[in-house]
Structure formats: C-alpha cells, structure tokens
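Add 248 to a position in the sequence shown, counting from 1, and you land on the number used in this note's numbering. Structure first, then comments.
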Amino acid sequence: MPELPEVETVVRGLRSQLVGLTITRVEQRRPDLREKFPARFAGRLQGRRIDSVERRAKYILIGLADANLLVVHLGMTGQFVIGAKPNAIGPHDHVVITLDNDRVLRFNDVRRFGLMDIVPAAQLGSHKRFKGIGPEPLADGFGGAVLEAAFKGRKGPIKAALLDQRNLAGIGNIYASEALYRARISPKRRTGTVTRERAALLATSIREVLEKAVAAGGSSARDYVNADGEQGYFQTEWVVYDREGKPCPSCRAPIKRIVQSGRSTFYCSKCQR
Ligand SMILES: [Zn+2]
C-alpha cells in the first residue's frame with residue numbers, strides 16, 4: 249500500500265502536469281471502487297479547470313476552479329498514468345480523464361481498494377473523511393510541540409501512538425519503526441513518558457525519514473504518474489525495518505522484531521530506550 253511519501257510523490261508529479269489544464273471529458277467505467285463514485289461524477293468534473301494538487305494524509309486533493317476537490321485515495325494498487333490518448337483502455341483503467349492539452353489521465357486500480365469523491369474545499373476540515381485526522385508531519389510548523397500536544401494523555405506504547413492517524417497524519421508502519429530508531433526511542437515506551445526533548449527529536453526524525461523517502465521517490469516520480477511503473481514502497485535503505493537479526497548500524501547488536509497491535513516492529517533494544 250502506498251504510504252505518505254509515495255502519495256506525496258504522486259501529488260508532486262500530478263501537480264507538475266495538471267495544474268492549469270481543464271478537464272474536457274471524464275469516462276467513468278464502473279459504478280464503484282472501494283465505494284460508489286459520487287452522483288453525477290463525470291458531469292461535475294467536465295469543463296472544470298484544475299487549480300491545485302495537494303495532499304491530506306494519504307488522500308490526493310485535486311482542486312477545481314469551482315471550489316470543489318476531487319479526492320482520490322490510491323488504496324492498495326491505485327495509480328495514475330498520464331500520456332497521449334491510449335490506443336486501448338485497459339481492464340483496470342476505471343476512470344479516464346481527457347485534458348484540454350489532449351493528454352489523458354487514467355486511474356488504474358487492479359484491486360479496487362482506491363476511492364474517488366468530490367468534496368467542497370470549504371468543508372474539508374469538517375468532512376467525515378478528514379475530520380479527526382491529526383497534523384501533517386511535513387507541514388510547516390510541525391515539531392516537538394505538535395507531537396507533545398498530540399501525545400498528551402495517550403496511553404499505550406509510542407509505536408501505536410505514531411500509527412494512530414488521530415495523532416499524526418499518514419505515518420505508516422515502516423516509517424514509525426525508522427523514526428523511532430533514529431530518535432533512539434523504544435517502540436515499547438509508554439507514550440506519556442516521552443519527554444519534551446525526546447518528542448522534539450522524534451518530530452525531527454519523522455520529518456527526516458519521510459523527506460528522505462520523498463527525495464528517493466522524486467527521481468522516480470515519472471514511474472508513478474506517467475508510466476506503467478512499479479507501485480510500491482520506495483526501496484530506500486531502511487535501517488531497521490525488515491532487518492530482523494541483522495546488525496544495528498550503530499552498536500552491531502541484532503535488530504529485533506516484535507509484534508505490536510498486529511504489526512511488526514523492528515528496533516534495536518540497546519540503542520532505543
Ligand atoms: Zn543499536
């Protein structure tokens with residue numbers, strides 16, 4: 249499943265190719281993905297100019313000139329392909345959007361866990377899909393104070409708190425393990441016992457881990473947006489994730505794997521406290 253950095257890369261790719269163009273035609277090829285398409289989906293997009301492409305958590309927000317947002321979630325296998333008008337539409341191309349530069353944007357989703365919706369931009373904060381989602385770790389102003397506020401009064405291990413989207417938007421399993429390692433915080437540490445200094449270090453670590461992944465994806469953004477590129481995690485060098493038994497780069501102790509809330513956590517029990 250694409251995580252925040254992958255979605256951010258898709259957003260940047262779409263932004264560079266779509267902003268300023270007008271949607272001339274939308275072909276909706278099935279009634280639903282994970283959920284039904286909204287009523288009159290195609291008609292509400294046709295003729296609209298694309299003004300912006302942004303991200304909120306793992307949702308792509310395509311801003312239209314009529315102050316609506318085309319909201320897209322990639323689900324497990326959703327991807328955009330943009331190019332010249334294709335000779336044939338594939339069986340998994342569920343939405344085909346023609347733009348006024350004669351290029352065609354296809355949404356391809358083999359497993360159909362993706363979704364598309366149209367939401368008034370002004371309702372974004374109060375909309376059921378978005379209300380309650382925590383702060384964006386890549387936003388300006390994110391730092392220790394934001395994390396500290398998000399963690400206040402939370403019980404349970406810090407790893408679970410990081411994965412809880414109400415605390416922080418879009419942190420997935422891999423990046424939680426990597427950020428905790430970088431901040432030298434044990435994934436088992438009770439959330440309420442993370443000091444102010446360590447919350448600040450963790451915030452920095454989260455940003456660094458995510459930005460490194462976005463940077464790694466930046467060069468392959470073309471694969472995500474343009475071509476029949478591989479969908480999946482960026483194969484950046486993870487330091488602890490999926491490295492059970494391999495030496496910790498810092499102390500050489502073997503990396504441990506534990507299961508928390510049904511998800512694997514990788515960490516160094518010597519370096520992380
Ligand atoms: Zn270590």
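Positions of the beta carbon are idealized from the N, C-alpha and C atoms, including for glycine.
Three-state secondary structure assigned by DSSP to residue i
i           : result
residue 307 : strand
residue 356 : strand
residue 508 : strand
residue 421 : helix
residue 443 : coil
residue 402 : coil
residue 382 : coil
residue 520 : coil
residue 452 : helix
residue 263 : helix
residue 323 : coil
residue 460 : helix
residue 300 : strand
residue 275 : strand
residue 281 : coil
residue 249 : coil
residue 489 : coil
residue 428 : helix
residue 331 : strand
residue 292 : helix
residue 395 : helix
residue 416 : coil
residue 372 : helix
Nearest-angstrom beta carbon gap, residue j and residue i [assumed within contact, 8 Å]
i           : j           : result
residue 382 : residue 347 : No, residue 382 and residue 347 are not in contact; Cβ-Cβ is about 34 Å, not under 8 Å.
residue 340 : residue 358 : 5 Å
residue 507 : residue 497 : Not really, about 23 Å apart at Cβ, beyond 8 Å.
Proximity of residue i and residue j at Cβ, strictly below 8 Å
i           : j           : result
residue 262 : residue 337 : no
residue 450 : residue 433 : yes
residue 435 : residue 407 : yes
residue 302 : residue 259 : yes
residue 368 : residue 316 : yes
residue 378 : residue 355 : no
residue 505 : residue 485 : no
residue 403 : residue 440 : yes
residue 286 : residue 366 : yes
residue 372 : residue 282 : no
residue 319 : residue 276 : no
residue 458 : residue 252 : yes
residue 350 : residue 333 : yes
For review: beta carbons within less than 7 Å of any heavy atom in ligand 1: Any residue whose Cβ sits closer than 7 Å to a heavy atom of ligand 1 makes the list: 496, 498, 499, 501, 516, 518, 519.
Three or more C-beta pairs below 8 Å linking the segment 450-461 and the segment 391-407: With the cut-off at 8 Å, the segment 450-461 and the segment 391-407 touch.
Three-pair Cβ contact test at 8 Å for the segment 278-296 versus the segment 309-323: Touching, yes, given that three or more Cβ pairs across the two stretches are closer than 8 Å.
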